[in-house]
Each structure stands twice: as structure tokens, then as C-alpha cells.
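For reference, the structure is listed below as C-alpha cells.
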Amino acid sequence: EKGGYEHYMRKEIHEQPESLRQTIAGRLDVDAGDADLDTSFPPGFLADLEEIQIVACGTSNYAGRYAAQLFEDLSGVRATVETASEYEFGAGRSADRTLVVAVTQSGETADTLGAIRRANAAGARTFAVTNTLGSTVTREVDDTAFIRAGPEIGVAATKTFASQVATLAMLAVAIGRERGALAAADARPVLEGLRDLPGAVQQVLDNEDAVREAATEYGDSEAFFFVGRQLGVPVALEGALKLKEISYDHAEGFAAGELKHGPLALVTPETPVLAVLTEGGRADETMNNVTEAQTRGAPAIGCVSAGDKYATLDVSLPVPDVGVVEPLVANVYLQLFAYHVANDKGRSIDKPRNLAKSVTVE
Ligand code: M6R
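What the sequence shown shows, in our numbering, is residues 21 to 382, in sequence order.
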């Protein structure tokens, strides 16, 4: 059932080219510069839309953070992300001009359902992005888009993160186009990136040996810092979550610019820095911050856009050119890094201690 893989997690990481193909199938129209998620917003709703609030937990929250930046850029709507357990509709907003989007793989996360119930009670329109047909969330929202990633067994979310971001990117294009905020010519490069995403992820998977070596070389460190800027920030957060979840090592993710505002005090030769150095992530500025950590002795592993060479990196992992989804491709390297560090330590990768795949208590 694991198809020759030792763990579901590695199988699911390797399924990403195919799961992403399912996610985008029939939904992209590159020539027309549009995406179709079969949504049914009431007439006039999108034109008047003032804010998109994303509510989600854990990895789904990081997918939401990635998407919020895309919503602002592509749909021209203010977008915020909240940890579902902390969400309140909030003062100063008009409910009929707000779309609340729950991002939840399982569709059963109690914290996320609680947030959606509060949004519904406030009178906002609600939307779910989920992997699970017939899940509770689909019965509580006005509209649903399925991410079509297929079943995910490993407790650590992997292929569903990629499919969530891809689905939300298509939603951002669709809303932007329908509101008249996005020109076909500006949508096209995003759609081309999505179209090329499965192949780009495959290239990363084909380079797994390089990540395995890095995991073996640096896996026994004291702590791990993951950094990026812009679209690289949610990927840094996700990379750190994945590593801590399955390896039980201390890992932190943050905006690269924040290194010098505190975390740099912790940096030593025993704290590798993993960096997202791609398009959509202000790579040159991020590299400056990485260099500051290297000056204090930290080894640096970078996921780098094809062509951009930062010769001072200790390990450079190339990311194919796919525009704003490059950080999403870089994330596959971070998934593999977490997997191999945890595997070298003999951890219970598919069922980490203290965690459940679906968290149905608040
Ligand atoms: O099913 P959901 O997407 O709502 O789950 C949310 C989180 O519980 C989940 O992403 C969790 O953080 C994962 N174990 C991370 O790998």
C-alpha cells in the first residue's frame, strides 16, 4: 500500500507531480488568462468585496499565508490570515462585503469549524478549500473548492499543502479576473507557472540525493532556522513545522529580515539556516540576511532560482523557473530535508508522538 516506500510521508512527497496535475486539471485557461474553480458567487458580490479573511490551522494556515499575498496582488482585495482558534469576525468590517475562506485538508478541524461558525453568525459569506468530499466544513459554508490531492495518510501534511496553494492561486486569479482587477496578460505568467508546477516539482524530486546528503551532514545540529521573505515566509514557517513535527528537533521559521532583531543571538556553527532564495521571495535581500548568519558560523542551505548563483552557500538546491510558485517548489526540498533528518534518527515519521492527523477538539 505504501507503493514500495518505507513511509507514507515520502510516498506522498513523491506523489506531488501527480496530485498537482489533478489539482489543476481542467481549471486553467492559459490563453484566456483565466482559471475556473466552478464557484457561484452571487451577482455583484465580487465587485463589492472589501476583504478576504483566511482561517486555518497549522500547515493549512501557512498555505493561507501564501495565498493572502496572492489575493492582494492578483485579486486587488485586502486579505488577512488568522489562526482559526483565535478568529473573531472583528469590528469595523461589513459582513456582506467579506469573504471568509477556511483552508482545511480534512474539513474536520474543530478550530477551523469554530471560526467558520463565527463567520456565519456574523453574516459573512463563507468558502472552504478542502481535500475531503462530504466533510463537515463543506456542509457549513456557502461554496467549496476541492484541492483533489487524493488521500493523505501521513500525519505531516505534504502534498495537500502544495495543492492548497495551487487551488488558492487559481481562486485568486478567478476573483481578480471577475472583478476586473487583473488583466489577462498579468494572469498568464501565474497560470503558466501553475501549468509547469508538476514538472518543476519532479525536477526537485529527481534531486533528492542532494537533500539527503545535506540532511546527513547537518541533521545532528542543535536547532534549525528557516528564513525567507514575502512568499518565502510561509514556506519557511512550513519547513520549520515539518522538521519539528517529525524529527522532534527544535526548528523555527521567520521572515529573514527578523534574524537581526533577535534570533541572530542564537546563531552558532550548530544552527544551520535554510533559506528560500527564489522569485517571489526577494532573494538578494534574503541572501544578505543569510550571510549575516554565516558570518556567525552557521552553515547555509539555500533553495535558489535557476540561474541565480549564491556561491557562498554551503548547499545550493536549484529551483526551476515557475514565477510566483517557485517558493512552493522550494518547499518540496524542505519536506525532503525534514523527512531525511527524521529518517536518519529513526523517528516514527507517519505517526509522530502526541499528534493526530485530524484534530477534532478545540
Ligand atoms: O485538516 P487541516 O488542514 O484542517 O489540519 C490542520 C492542521 O492540524 C495540520 O495542517 C497540521 O498542522 C499538520 N499535522 C501539519 O503537518
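Where a beta carbon is used, it is the ideal one built from N, C-alpha and C, also for glycine. Values in this document were obtained by computation on a predicted structure and should not be read as measured data.
C-alpha gap between residue i and residue j, whole angstroms
i	j	result
I72	G84	11 Å
T178	Y25	15 Å
H270	G134	30 Å
S60	G252	32 Å
I44	A204	18 Å
A234	K365	14 Å
R208	A55	10 Å
E21	R137	37 Å
S155	R168	13 Å
V224	G64	42 Å
E106	A331	43 Å
K264	P62	43 Å
V335	G239	13 Å
T79	E258	6 Å
V381	Q125	16 Å
R197	L66	10 Å
A202	A99	Note that residue 202 is Leu in the sequence shown, not Ala. Near 16 Å, if we compare the C-alpha coordinates of A99 and L202.
L69	A182	27 Å
S241	A260	14 Å
V339	R316	27 Å
K329	M307	11 Å
Beta-carbon proximity check, residue i vs residue j, cutoff 8 Å
i	j	result
F246	L294	yes
G127	E35	no
V210	G343	yes
T146	N140	yes
K377	V175	yes
G143	A115	yes
P218	L40	yes
Q42	V123	no
S267	V161	no
V231	L356	yes
I195	D370	no
P4	Q222	A query on residue 4 cannot be resolved here, the shown segment of the chain reaching from 21 to 382 and no further.
V149	V120	no
G200	V345	no
A192	L57	no
Y82	P254	yes
L333	A313	no
Residue i, DSSP secondary structure in three states
i	result
T152	coil
S126	coil
D269	coil
R145	strand
P338	strand
T187	helix
D49	strand
D54	strand
S39	helix
L348	helix
G301	coil
N140	helix
A203	coil
V381	coil
Y86	helix
P218	helix
D370	coil
E26	coil
S105	helix
T306	helix
T332	coil
R113	coil
T288	coil
T178	coil
Identified DSSP bridge partners for residue i
i	result
G248	A275
L119	I72, R145
S325	V339
T100	Q73
T164	A148
A320	V293
A243	H270
Residue-level contact to chain D via CB, residue i, 8 Å cutoff
i	result
N374	Here chain D cannot be found, since the structure has a single protein chain.
Quick one: any contact between the segment 261-280 and the segment 317-334, if contact means 3 or more CB pairs under 8 Å? no
For the structure I just gave you, are there three or more beta carbon pairs, one from the segment 34-53 and one from the segment 285-292, closer than 8 Å? no
Taking three-plus beta-carbon pairs below 8 Å as touching, is the segment 299-308 in contact with the segment 240-260? yes
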